[in-house]
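Trainee:
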Amino acid sequence: MRMRETLEREIKLAPGEGFVLPELGGERLPPRVFVSTYHDTPELRLAEHGVTLRHRVEDGAGLWQLKLPAGAARLELELTGTPARPPAEMLVLLTAYLRSRELVPVARLRTRREGVRVQGAEIVDDDVAVLDGQHVERRFREIEVELREGDERTLRRLAKELRRAGAKPARELRPKLYRALGLAGPAAPVAIAPDTAPREAIGLAFEQQYRALLAHDPGTRRGDDAEELHRLRVATRRLRAYLRAARPLLDLSWAESLRAELGWLGSSLGPARDLDVLLAHLRVEIAALGEDDAAYLQGLLDTLAAERAAAYVALAGALDSERYLALLDRLEAAAAPPLSGVEVPLAKLWQREARKTRRAFARLGDDPRDDELHAARIRVKRARYAADLAAHELGARGASFVSAARRLQDVLGDHQDAVVAEERIRRWLPSAPGSAFAAGRLVQRERERRAAARAAWPAAWRRLDEAARRAAR
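This is the structure in structure tokens:
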């Protein structure tokens, strides 16, 4: 059975004393009463990361609900089931958070809800009782405005109407589970202040990327949003780059061992991600050729789609492996990394990477080979991530460097994508000789893209070099 999914976009408000829902038109919703049992580890690992898992009973029917962070919103997944055990389909999405830890009931809430559907949103007034057996420990009340269709302006407009009727802004209002357990909310990464010592900044940076990795693990497992795998791969690459840049400050054997395991993870993520990128690009390019030629190239897309499906199966195996779970344990502990005893400003370590990048580009010559430009892009990425690690020391000048590095990465990335696309088209063509003319047109488009990138990269490099020199002053 496929899970029902909803992107939950809502605003919470606190009802003032004597508050009643104003007349806003729309359709009155039928009153509801449901009991939700929340499940987490004894140490509340899910709640720490903004994840909630609950079993809800309403009118005798049971429903499991899993809520995952999705930027400013939350992705809600639902599946019918008995309270005995969460569905396997949900448990697999929690693998990175749980890592074989036991789930236990941590809170039980009864909610009496009334509300109205208006202007593409549902406004509900929830009277919540926190239960201990049949005993009510305490009560609280909250107003939710949840968007069902339309955009964020609808939410803001309705929230404004409710505030006029006596509801209060509730930035401090937490999800129901957190209120029931007396928690402040999901743990937020600690910001890295300008005066943070290098050894502390490294640990905080590791923690930030570890959290990013956890956040994008469930979406990667689901496989229906290429951006989730992209963000997971970025977090992996950042962690490797941070370990490389900060090597003088870290215990060398610890850092190199962890880098090697992150390299394994990156290699596991790469094939599926590369096929995501290639397929998305070729679909656009093939459509631009027109219906007649596109029909001849459908076989290419089908071949790549089959390869992508196989790559995601292999990726799922890696994410389910004990090796991956052990790596997550090591990354969690990396918030307090073993140090070498050397204390060096992170800006100095970035300067070292910037100098290496400058030397690499000086060796390119006027007409570098494709593989040389690809290697240069990797060098730019390392310098950019080193600047990210030292951002609190470099300030605005570092931000300018990162922006210029991102621009050069994009140009060189277009070049590499065009090279790879042409190679894959040529590899496929012998299996479909009747598609030669359409494939030739497609190759020509890739060569034009490659030529445009070759024309653009020198200027992008000069801007990056200038930004590096300014940041190093």
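Heads up: the sequence shown runs through residues 1 to 473, numbered per the working numbering. Just so it is clear, CB atoms sit at the ideal spot from N, CA and C, and this is done for glycine as well.
Exposed or buried, residue 190, counting other C-beta atoms within 10 Å across all chains shown (16 or more means buried)?
Mentor: Mapped onto the sequence shown, residue 190 falls at position 190. A residue is called buried once 16 or more other Cβ atoms fall within 10 Å of its Cβ, and residue 190, having fewer, is exposed.
Trainee: Can you check whether the CB of residue 166 is closer than 8 Å to the CB of residue 19?
Mentor: Locating residue 19 in the sequence shown gives position 19, counting from the first residue. Locating residue 166 in the sequence shown gives position 166, counting from the first residue. Contact flag set, yes.
Trainee: Quick one: which unbroken beta strand (DSSP E) runs of 3-plus residues sit fully inside the segment 262 to 287? Chain order, please.
Mentor: If only uninterrupted beta strand (DSSP E) runs of at least 3 residues are considered, none is enclosed by the segment 262 to 287.
Trainee: Within 10 angstroms of its Cβ, does residue 286 collect 16 or more other Cβ (buried), or is it exposed?
Mentor: Mapped onto the sequence shown, residue 286 falls at position 286. If you draw a 10 Å sphere on the C-beta of residue 286, you find 16 or more other C-beta atoms in it, and that means buried.
Trainee: Grab the span of the beta strand (DSSP E) containing residue 435 for me, first residue to last.
Mentor: Numbered from its first residue, the sequence shown carries residue 435 at position 435. Premise fails: residue 435 is in no beta strand (DSSP E) and is neither H nor E.
Trainee: Which word fits residue 437, buried or exposed, when buried means at least 16 other C-beta atoms lie within 10 angstroms of its C-beta?
Mentor: Against the sequence shown, residue 437 aligns to sequence position 437. The residue in question, residue 437, is exposed, as its Cβ has fewer than 16 Cβ neighbours within 10 Å.
Trainee: Run through the segment 279 to 362 for me and flag every whole alpha helix (DSSP H) of 4 or more residues, listed as ranges in chain order.
Mentor: 291 to 296, 298 to 319, 322 to 333, 346 to 362
Trainee: From the DSSP output, in three-state form, read off residue 49 for me.
Mentor: Numbered from 1 along the sequence shown, position 49 holds the residue referred to as residue 49. In the structure shown, residue 49 sits in coil (DSSP, three-state: anything other than H, G, I, E or B).
Trainee: Distance, Cα to Cα, residue 341 vs residue 402?
Mentor: Translated into positions along the sequence shown, residue 341 becomes position 341. Translated into positions along the sequence shown, residue 402 becomes position 402. Looking at the two C-alpha atoms, the distance is approximately 29 Å.
Trainee: Using CA atoms only, rank isn't needed, just tell me which of 153, 109, 54, 105 is closest to residue 11.
Mentor: In the sequence shown, the residue the question calls residue 11 occupies position 11. Among 153, 109, 54, 105, the Cα nearest to that of residue 11 belongs to 153.
Trainee: Helix, strand or coil: which one does DSSP assign to residue 423?
Mentor: What you label residue 423 is simply residue 423 of the sequence shown in a count that begins at 1. When secondary structure is reduced to three states using DSSP, residue 423 falls in the helix class.
Trainee: Measuring CA to CA, which of 196, 311, 470, 349 is closest to residue 387?
Mentor: As a first step, residue 387 is located in the sequence shown; it is residue number 387 there, counting from the start. It is 349.
Trainee: Of all the options 445, 284, 412, which has the alpha carbon lying nearest to the alpha carbon of residue 459?
Mentor: Residue 459 sits at position 459 when you count from the first residue of the sequence shown. The shortest C-alpha separation from residue 459 is found at 412.
Trainee: Roughly how many angstroms lie between the CA atoms of residue 360 and residue 373, to the nearest whole one?
Mentor: As a working note, residue 360 is residue 360 in the sequence shown. As a working note, residue 373 is residue 373 in the sequence shown. Cα-Cα distance, rounded: 10 Å.
Trainee: Alpha carbon to alpha carbon, how far is residue 40 from residue 318?
Mentor: On the sequence shown, residue 40 is found 40 positions in, with the first residue counted as 1. On the sequence shown, residue 318 is found 318 positions in, with the first residue counted as 1. The alpha-carbon atoms of residue 40 and residue 318 are separated by roughly 25 Å.
Trainee: Would residue 336 pass as a contact of residue 217 if the rule is Cβ separation under 8 Å?
Mentor: As a working mapping, residue 336 is identified with position 336 in the sequence shown. As a working mapping, residue 217 is identified with position 217 in the sequence shown. Cβ atoms of residue 336 and residue 217: not closer than 8 Å.
Trainee: Closest to residue 45 by C-alpha separation, out of 106, 27, 76, would be which residue?
Mentor: Your numbering for residue 45 matches position 45 in the sequence shown. Residue 106 is the option with its Cα nearest to residue 45.
Trainee: Would you mind reading off the limits of the alpha helix (DSSP H) that contains residue 214?
Mentor: Within the sequence shown, the letter at position 214 stands for residue 214. First-last of the alpha helix (DSSP H) with residue 214: 198 to 222.
Trainee: How would you write the range of the beta strand (DSSP E) that residue 77 sits in, first residue to last?
Mentor: Residue 77 sits at position 77 when you count from the first residue of the sequence shown. Note, residue 77: beta strand (DSSP E), 73 to 80.
Trainee: Sort 35, 178, 24, 61 by Cα distance to residue 123 and report the nearest one.
Mentor: Position 123 of the sequence shown holds residue 123. Proximity to residue 123 across 35, 178, 24, 61 peaks at 24, based on C-alpha coordinates.
Trainee: How about the segment 306 to 315 and the segment 67 to 82: do they share at least three Cβ pairs that are nearer than 8 Å?
Mentor: They do not touch, by the three-pair rule.
Trainee: Could you tell me the distance, in whole angstroms, from the CA atom of residue 127 to the CA atom of residue 263?
Mentor: Mapped onto the sequence shown, residue 127 falls at position 127. Mapped onto the sequence shown, residue 263 falls at position 263. Cα to Cα, residue 127 sits roughly 50 Å from residue 263.
Trainee: Cutting at 7 Å between CB atoms, please list the residues of its own chain near residue 42, excluding the five before and the five after it.
Mentor: The residue labelled residue 42 in the question sits at position 42 within the sequence shown. Closer than 7 Å at Cβ, skipping near neighbours: 104.
Trainee: Residue 442 and residue 297: beta carbons closer than 8 Å?
Mentor: As a working note, residue 442 is residue 442 in the sequence shown. As a working note, residue 297 is residue 297 in the sequence shown. A contact, by the Cβ cut-off of 8 Å.
Trainee: With distances taken from CA atoms, which of 6, 414, 254, 72 is nearest residue 148?
Mentor: The count along the sequence shown starts at 1 and reaches residue 148 at position 148. For the residues 6, 414, 254, 72, the minimum Cα distance to residue 148 belongs to 6.
Trainee: Just to confirm before moving on: does the CB-CB distance between residue 125 and residue 15 stay below 8 Å?
Mentor: One-based indexing of the sequence shown puts residue 125 at position 125. One-based indexing of the sequence shown puts residue 15 at position 15. Yes. Within cutoff.
Trainee: Taking all protein chains shown into account, decide if residue 446 is buried (16 or more other Cβ within 10 angstroms of its Cβ) or exposed.
Mentor: By 1-based counting over the sequence shown, the position of residue 446 is 446. So residue 446 ends up on the buried side.
Trainee: What's the gap between the Cα of residue 370 and the Cα of residue 356?
Mentor: By 1-based counting over the sequence shown, the position of residue 370 is 370. By 1-based counting over the sequence shown, the position of residue 356 is 356. Rounded to whole angstroms, residue 370 to residue 356 spans 20 Å at the Cα level.
Trainee: Compare the Cα-Cα distances from residue 268 to each of 282, 315, 256, 292 and report the closest residue.
Mentor: Residue numbering aside, residue 268 sits at position 268 when the sequence shown is read from its first letter. Among 282, 315, 256, 292, the Cα nearest to that of residue 268 belongs to 315.
Trainee: Looking at C-alpha atoms only, which residue of 384, 294, 451 is the closest neighbour of residue 434?
Mentor: Position 434 of the sequence shown, counting from 1, holds the residue named residue 434. Of the listed residues, the one whose Cα sits closest to residue 434 is 294.
Trainee: Since I believe residue 472 is in contact with residue 351 (beta carbons under 8 Å), could you give me their beta-carbon distance rounded to a whole number of angstroms?
Mentor: Against the sequence shown, residue 351 aligns to sequence position 351. Against the sequence shown, residue 472 aligns to sequence position 472. Going by Cβ atoms, the distance from residue 351 to residue 472 rounds to 5 Å, so yes, they are a contact pair.
Trainee: Please state whether DSSP places residue 379 in a helix, a strand or coil.
Mentor: Numbered from 1 along the sequence shown, position 379 holds the residue referred to as residue 379. Helix at residue 379.
Trainee: Taking just the CA atoms, how far does residue 56 sit from residue 32?
Mentor: The residue labelled residue 32 in the question sits at position 32 within the sequence shown. The residue labelled residue 56 in the question sits at position 56 within the sequence shown. When rounded, the distance between both Cα atoms is 12 Å.
Trainee: Buried or exposed: where does residue 284 fall if 16 or more other Cβ atoms within 10 Å of its Cβ makes it buried?
Mentor: Along the sequence shown, one-based indexing puts residue 284 at 284. Its Cβ having fewer than 16 others within 10 Å, residue 284 is exposed.
Trainee: For residue 208, count the other beta carbons within 10 Å of its own beta carbon; 16 or more makes it buried, fewer makes it exposed. Which is it?
Mentor: Translated into positions along the sequence shown, residue 208 becomes position 208. Its Cβ being crowded by 16 or more others within 10 Å, residue 208 is buried.
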